[in-house]
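In terms of the numbering used here, the sequence shown opens at residue 7 and continues consecutively.
Don't be surprised by glycine CBs; every beta carbon is placed ideally from N, CA and C.
Every value quoted in this text rests on a predicted model; they were computed, and no experiment measured them.
Some notes on the structure that comes next.
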Amino acid sequence: MSSALLPKPQMRRLLARRMKFHLFGAFFVSLGCAALYKFGVAEPRKRAYAEFYKNYDAMKDFEAMRAAGVFESAPPK
Numbered sequence: 007m008s009s010a011l012l013p014k015p016q017m018r019r020l021l022a023r024r025m026k027f028h029l030f031g032a033f034f035v036s037l038g039c040a041a042l043y044k045f046g047v048a049e050p051r052k053r054a055y056a057e058f059y060k061n062y063d064a065m066k067d068f069e070a071m072r073a074a075g076v077f078e079s080a081p082p083k
């Protein structure tokens with residue numbers, strides 16, 4: 007009578023069932039982390055570099071470093 011009240015434990019395919027659940031969970035967590043990194047770190051960094059190089063003058067920077075004596079091959083004037 008007590009055996010009719012208690013359900014039988016599942017003895018087969020326990021690992022496969024748990025593995026499927028955890029693989030799907032890990033996939034969605036990693037997808038979320040990748041999206042957070044892309045939109046939270048990579049995109050703002052790209053915008054910051056684009057903004058910096060929009061107004062950057064390489065020759066002006068070179069002349070400033072040359073005047074400071076940074077280069078051995080290009081002595082200060």
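Take the alpha-carbon of residue 48 and the one of residue 58: they are about 15 Å apart. Under the DSSP assignment, residue 67 falls in the alpha helix (DSSP H) whose first and last residues are 64-74.
The DSSP assignment places complete alpha helix (DSSP H) segments of no fewer than 4 residues inside the region 17-70 at 20-43, 49-60, in order along the chain. The three-state reading of DSSP puts residue 80 in coil, since its state is none of H, G, I, E or B.
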